[in-house]
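Below is one structure, written out as structure tokens; comments come after it.
2 protein chains.
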Amino acid sequence: MENFVYHCPTKIIFGKGTENQVGSEVSKYGKKVLLHYGGGSIKKSGLYDRVLKSLKNEALEIIELGGVQPNPRLSLVKEGIDICRKEKIDIILAVGGGSVIDSAKTIAVGVPYDGDVWDFFIEKAEPEKRIFIGVVLTIPASGSESSDSAVITNEDGMYKKGFNSNLLRPDFAILNPELTFTLPRYQTACGASDIMAHIMERYFTRVRDVELTDRLCEAALKTVINNTPIVLREPENYAARAEIMWTGTIAHNNLLDTGRIGDWASHKIEMEISGLYDLAHGAGLAIIFPAWMKYVYKNDVGRFARFAVRVWDVEPDFYDIEKVALEGIKKLEDFYREIGLPITLKEANIPYDRFEEMARKCTEMGPVGNFIKLNKDDVIRILEMSK
Amino acid sequence: MENFVYHCPTKIIFGKGTENQVGSEVSKYGKKVLLHYGGGSIKKSGLYDRVLKSLKNEALEIIELGGVQPNPRLSLVKEGIDICRKEKIDIILAVGGGSVIDSAKTIAVGVPYDGDVWDFFIEKAEPEKRIFIGVVLTIPASGSESSDSAVITNEDGMYKKGFNSNLLRPDFAILNPELTFTLPRYQTACGASDIMAHIMERYFTRVRDVELTDRLCEAALKTVINNTPIVLREPENYAARAEIMWTGTIAHNNLLDTGRIGDWASHKIEMEISGLYDLAHGAGLAIIFPAWMKYVYKNDVGRFARFAVRVWDVEPDFYDIEKVALEGIKKLEDFYREIGLPITLKEANIPYDRFEEMARKCTEMGPVGNFIKLNKDDVIRILEMSK
Chain A
1 MENFVYHCPT KIIFGKGTEN QVGSEVSKYG KKVLLHYGGG SIKKSGLYDR
51 VLKSLKNEAL EIIELGGVQP NPRLSLVKEG IDICRKEKID IILAVGGGSV
101 IDSAKTIAVG VPYDGDVWDF FIEKAEPEKR IFIGVVLTIP ASGSESSDSA
151 VITNEDGMYK KGFNSNLLRP DFAILNPELT FTLPRYQTAC GASDIMAHIM
201 ERYFTRVRDV ELTDRLCEAA LKTVINNTPI VLREPENYAA RAEIMWTGTI
251 AHNNLLDTGR IGDWASHKIE MEISGLYDLA HGAGLAIIFP AWMKYVYKND
301 VGRFARFAVR VWDVEPDFYD IEKVALEGIK KLEDFYREIG LPITLKEANI
351 PYDRFEEMAR KCTEMGPVGN FIKLNKDDVI RILEMSK
Chain B
1 MENFVYHCPT KIIFGKGTEN QVGSEVSKYG KKVLLHYGGG SIKKSGLYDR
51 VLKSLKNEAL EIIELGGVQP NPRLSLVKEG IDICRKEKID IILAVGGGSV
101 IDSAKTIAVG VPYDGDVWDF FIEKAEPEKR IFIGVVLTIP ASGSESSDSA
151 VITNEDGMYK KGFNSNLLRP DFAILNPELT FTLPRYQTAC GASDIMAHIM
201 ERYFTRVRDV ELTDRLCEAA LKTVINNTPI VLREPENYAA RAEIMWTGTI
251 AHNNLLDTGR IGDWASHKIE MEISGLYDLA HGAGLAIIFP AWMKYVYKND
301 VGRFARFAVR VWDVEPDFYD IEKVALEGIK KLEDFYREIG LPITLKEANI
351 PYDRFEEMAR KCTEMGPVGN FIKLNKDDVI RILEMSK
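Order-wise, the sequence lines are chains A and B.
Residues 1 to 387 in this note's numbering are what the first sequence lists, from first letter to last.
Residues 1 to 387 in this note's numbering are what the second sequence lists, from first letter to last.
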């Protein structure tokens, strides 16, 4: 086991009706709030009205900034930073999914920073302070509600980049599974894929002696695998929605990689695809992860066999461990298909003509991945295998 | 799944040599530290010297208060409160196991409180603030390093009582598994039993639809069950010590009962035994837990059968679920014996003549337990079954 620091101070408020506590929670952090959200879905669902009512009950001063897009843009972040400075905002309240939360986080660290907030993404600077951040989560997927990361797309070159800092963990996050009842099928499936990817990036490690976190990862994966088909069949099944929502948070708050070194190559490769083509991140992961697995599994067949047996209930065969390992990858692909996700670039209508560019951008800061290090040519080969 | 709030902001610093970071960590919270510890074991092991050196490197002003006993006493807590007030201490650094940490926590909430600190334990008052708390953990068992609880013994009547408050979670905790290499066998086994009990108290719930946390509990239990025999055989096996130490923290930081209602009757009954007889808490739990199980399992045989199958690898038999359930309890008893713990009061040399008194004290605030509510007579019967 590797030495580690684990510090996830986000307060989670979970359950039915909890969005109505948002006003009293926000009021612990100040008087002036930037309400940050995406398109119209929170207005259509009535969530916007409930949040506004709860904030007004506490006599909070509210400034709004909507319009966050999937793959949130740097230009809106900069607009948010300007507003926060001008209006002396105490706390940003993100109401939405990962895009809205990532946008809010980036605004929050950008406000007290003198330079260009993009500096954090290109490793030119590290944030040292931020204003407060609260979340009302509507999409279980990104884990951004308590994660230490944010991903933003810079329109200048369509660079999609993420960075990590413990400062990026929100102060509180409100999670009501009922808010996910109306999520469309495809978005639900993409969320499940994203959650699974967060766990698998951590699971596929070369660090030995990580029994507890191996088992916790397996527990979390099984929960998503069991409950995703249920919520696709029964969108208003509270129990199953709750399992997925809570697993989505646990999957990405760093508990599952304590003592381990995660891989993250698949995420980095996928970010080049969804950065260029505006494909949903979870769909991109369903394409890239199996290809990555087939490209790397021979470096530790035992771990892939364990994945097959413990997560997918493949029968162990100790005379042909490779067959077991491959069967696990096959089960993962079958699962993606079952929940309606593409598992090839072709199925997602992604053209094959920019592999070179994607691989170059992906590896421009050096090789990606830790399970094995992948250089530009490796990435091209994985993209070829994703066709 | 029940609604819940989960907020565990303790910063965990885990791994080899991490105790040497204590000075720089403490210095983030102030200049004046109360160094709180137990007997001579930290001096014998050299830990005391390393901690002192690290604190002095940061030019911290150090006041010492040693002498914490197992089942820590209220009188020493009060002494600590007086010292902190007089010396204007910024942060209490607990170096030791659960007793030292619980003593430090109680001092920390006692310092700014005008009344008697025992008020918190008898539900007469709730703490509203505290001074800072840091931990260097030497015994994986209590989970106190990031838990929201503290247990103290009031010498006036030998009342052993605990209370919960999110304020009781330390600001940081340093966990180096190497520090546990020298733990005696019996103490190692008692620690494992305590950790398992923290998980089992949460596992045995009547709340339905708690799949993720069920699986996380099973993962944590299996890890303790696998690694305890290893550390008893090989006390300096870092990997196994690390698994147990990290599981001990996860077992009691409330992650494993998110959305559930835990039981806690066994803990409350055991506290009467170790309060009166100074028996190690983990040993008392090894006696009480199987008796509690036999007394209550018929109220939800399915859950006990699940425990048997998932945790103890008992073969499922769907024609005789009760047999499966009982087999799980038997496996737990066998495990306690295997690691050298008593499983009856007789084996622990506890006399049978004060059951009435223990049961009365235990239930004086009302029935105990949530799996089923136990009144005084139930507790007497469980004590009878523990003979």
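Glycine residues also receive a C-beta, built at the ideal position from the N, C-alpha and C atoms.
Because the structure is a prediction, the values reported are computed rather than measured.
With contacts defined by Cβ atoms closer than 9 Å, A:L93 and A:M245 do not form a contacting pair. Not one beta carbon of chain B lies nearer than 9 Å to the beta carbon of A:I339. Here B:V33 carries a strand assignment [DSSP, helix/strand/coil]. Identification of chain B residues near A:Y6 by a Cβ-Cβ cut-off of 8 Å yields K11, I12, F14, ordered along the chain. The Cβ of B:A108 sits no closer than 9 Å to any Cβ of chain A. Across the structure, A:A189 and A:Y159 are spaced so that their CA atoms are roughly 25 Å apart. The segment 241–257 of chain A and the segment 350–362 of chain A do not touch, with fewer than three beta-carbon pairs separated by less than 8 Å.
Here the segment 196–205 of chain B makes contact with the segment 213–232 of chain B; the two share three or more CB pairs at distances below 8 Å. For B:E2, the secondary structure class from DSSP, reduced to helix, strand or coil, is coil. Counting along the chain, B:E145 sits inside no beta strand (DSSP E), nor does DSSP assign it H or E at all. At a cut-off of 9 Å, the C-beta of A:E243 has a neighbouring C-beta in chain B. Residues of the segment 304–315 of chain B with a Cβ closer than 8 Å to any Cβ of chain A: none.
Excluding sequence positions up to five before and after B:Q21, its CB lies within less than 8 Å of the CB of I13, S54, I174, all in the same chain and listed in chain order.
Non-local beta-carbon contacts of A:N166 in its own chain, meaning distances under 8 Å to residues more than five positions away in sequence, involve H7, D148 in chain order.
The Cβ atoms of B:P290 and B:I329 lie closer than 9 Å to each other. Here A:E333 is actually not in contact with A:I321; their C-beta atoms are around 19 Å apart, not less than 8 Å. A:N20 sits in a helix when the DSSP states are folded into three classes. Contact with chain A is found for B:A219, since one of that chain's Cβ atoms lies less than 9 Å from the residue's Cβ.
The residues I139, in chain order, have a CB closer than 7 Å to that of A:Q187 in the same chain once the five nearest residues on each side in sequence are set aside. An exposed status is given to B:S24, since fewer than 16 other beta-carbon atoms sit within 10 Å of its beta-carbon. The beta carbon of B:N370 sits closer than 6 Å to those of I261, D263, all from its chain and outside the five residues before and after it, given in chain order. Only residues of its own chain outside the window of five on either side were considered, and among them F304, A325 have a CB closer than 6 Å to the CB of A:Y297, listed in chain order.
The Cβ atoms of A:A141 and A:A108 lie no closer than 9 Å to each other. Relative to the Cα of B:M200, the nearest Cα in the group B:I225, B:R185, B:T182 belongs to B:I225.
Every unbroken stretch of the alpha helix (DSSP H) spanning 4 or more residues and falling wholly within the segment 301–332 of chain B is given here in chain order: 301–306. Listed along chain B, no residue sits closer than 8 Å to A:M196 by beta-carbon distance, the nearest being about 13 Å off. Using a Cβ distance threshold of 9 Å, B:R85 and B:V111 count as a contacting pair. Excluding sequence positions up to five before and after B:K268, its CB lies within less than 6 Å of the CB of C362, V368, all in the same chain and listed in chain order. Linking B:L179 to A:S75 through their CA atoms gives a straight-line distance of about 51 Å.
With a beta-carbon spacing of about 6 Å, A:N3 and B:K16 fall inside the 8 Å limit used to define contacts. Taking C-beta atoms under 8 Å as the contact rule, B:I287 and B:L345 qualify, at a distance of about 6 Å.
Contact of A:A239 with chain B by beta-carbon distance below 7 Å involves M1, D209. A direct Cα-to-Cα measurement between A:P316 and B:L341 gives close to 35 Å.
Here A:N154 is bridged, per DSSP, to A:Y159. For the C-beta of B:R130, not a single chain A residue is nearer than 9 Å; the gap to the nearest is close to 16 Å. Rounded to the nearest angstrom, the gap between the Cα atoms of B:S386 and B:D278 is 17 Å.
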